[in-house]
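For the record, the sequence lines run as chains A and B. First residue of the first sequence: 1, per UniProt numbering; consecutive thereafter. First residue of the second sequence: 1, per UniProt numbering; consecutive thereafter.
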Amino acid sequence: MTKLLEWVFGIMIVGAAWALVTFDLLDLRLPEAYRQVAWPMPVYLLVVFGCYSLATVGYRVATFNDCEEASIELQAQIQEAKEDLRRKGLKL
Amino acid sequence: MATGADRAVGMGLVGFSLLLFSYYTIWVVILPFVDSDHVVHQYFLPREYSVILPGIAALILLLLVGTFIGVVMWKNRKPKVA
């Protein structure tokens, strides 16, 4: 059983449960409120996933660990290397 | 630690996604259980829009991504050597 098969199985089962409630395939006659919550569920889960992704990206941008000194040191080393190569004849 | 603009943009994204999540969750999950004559219903569009609006947003996103890819590919075209 590959991962893909596992996911496809899982999605099919969840999808079947959703279709059952949304289209009333077994004539369960659920209360109207539950049916109203169920039918937008696929779109709702997508939107929630999108919000979670956006929040994760935003949070990691805000808490990223900038290394100022390492950046300055690196730029100095790049200059040094460029000078060195220029002296040795490389056209930059 | 991330500096000024990075922090502002990052926390802005977090705040925006929290707002969006809250509004959308109330709209889809909570409202069906609230009496139809409660005043809170006037702050939300009819239910169909809770599916139509994200659909339109997804289409616009696809359009933007496709346009971006097209523009980048157009800029990087190299004429065939004669």
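Cβ atoms here follow ideal geometry from the backbone N, Cα and C, with glycine treated the same way.
For residue i and residue j, I'd like the C-alpha separation in whole angstroms.
i                          : j                       : result
serine 36 (chain B)        : glycine 66 (chain B)    : 42 Å
tryptophan 7 (chain A)     : alanine 57 (chain B)    : 26 Å
aspartate 27 (chain A)     : valine 21 (chain A)     : 9 Å
tryptophan 18 (chain A)    : alanine 38 (chain A)    : 7 Å
serine 50 (chain B)        : leucine 13 (chain B)    : 21 Å
glutamate 32 (chain A)     : methionine 12 (chain A) : 25 Å
leucine 53 (chain B)       : leucine 62 (chain B)    : 14 Å
valine 61 (chain A)        : cysteine 67 (chain A)   : 14 Å
asparagine 65 (chain A)    : arginine 29 (chain A)   : 55 Å
residue 95 (chain B)       : lysine 75 (chain B)     : Coverage of chain B is limited to positions 1 through 82, which leaves residue 95 (chain B) absent and any answer about it impossible.
phenylalanine 71 (chain B) : glycine 58 (chain A)    : In the sequence as presented, phenylalanine is not what sits at residue 71 (chain B); that position holds valine. Approximately 27 Å, taken between the alpha carbons.
leucine 74 (chain A)       : alanine 5 (chain B)     : 22 Å
leucine 45 (chain B)       : methionine 73 (chain B) : 40 Å
valine 40 (chain B)        : isoleucine 60 (chain B) : 30 Å
alanine 76 (chain A)       : leucine 90 (chain A)    : 19 Å
Tell me the DSSP secondary structure of residue i in three-state form.
i                       : result
leucine 28 (chain A)    : coil
serine 36 (chain B)     : coil
leucine 90 (chain A)    : coil
leucine 45 (chain B)    : coil
aspartate 66 (chain A)  : coil
valine 51 (chain B)     : helix
threonine 25 (chain B)  : helix
tryptophan 74 (chain B) : helix
proline 79 (chain B)    : coil
With distance defined between alpha-carbon atoms, name the residue in the options nearest to residue i.
i                      : options                               : result
glutamine 36 (chain A) : B:Leu31, B:Val40, B:Val39 and B:His38 : B:Leu31
tyrosine 23 (chain B)  : A:Phe9, A:Val21, A:Val48 and A:Ile11  : A:Val48
valine 14 (chain A)    : A:Thr2, A:Ala70 and A:Met41           : A:Met41
cysteine 51 (chain A)  : B:Val39, B:Arg7 and B:Thr25           : B:Thr25
glycine 15 (chain B)   : A:Thr2, A:Leu4 and A:Ala55            : A:Ala55
aspartate 45 (chain A) : B:Met1, B:Leu45, B:Trp74 and B:Gly55  : Reading off the sequence, residue 45 (chain A) comes out as leucine, not aspartate. For the residues B:Met1, B:Leu45, B:Trp74 and B:Gly55, the minimum Cα distance to leucine 45 (chain A) belongs to B:Gly55.
methionine 1 (chain B) : A:Val43, A:Lys3, A:Thr63 and A:Leu25  : A:Thr63
valine 43 (chain A)    : B:His38, B:Gln42, B:Trp27 and B:Phe33 : B:Trp27
arginine 47 (chain B)  : B:Leu64, B:His38 and B:Val29          : B:Val29
When you measure from the CB of residue i to every non-hydrogen atom of the ligand MN, does any distance come out below 7 Å?
i                     : result
tyrosine 49 (chain B) : Because no ligand of any kind appears in the structure shown, any question about the ligand MN cannot be addressed here.
Keeping to the same chain, check which residues put their C-beta closer than 6 Å to that of residue i; ignore five residues upstream and five downstream.
i                      : result
glutamine 79 (chain A) : none
Tell me which residues share the same chain as residue i and place their Cβ nearer than 8 Å to its Cβ, disregarding the 5 neighbours each side in the sequence.
i                   : result
leucine 4 (chain A) : none
At a Cβ cut of 9 Å, what residues of the region 18-41 of chain A count as close to chain B, listed as they run along the chain?
Contact annotation: in the region 18-41 of chain A, residues whose CB is within less than 9 Å of a CB in chain B are Glu32, Ala33, Tyr34, Arg35, Gln36, Val37, Trp39, Pro40 and Met41.
Closer than 9 Å, Cβ to any Cβ of chain B: which residues of the region 60-79 of chain A, in chain order?
Cβ contacts with chain B: Arg60, Val61, Ala62, Thr63, Phe64, Asn65, Asp66 and Glu68.
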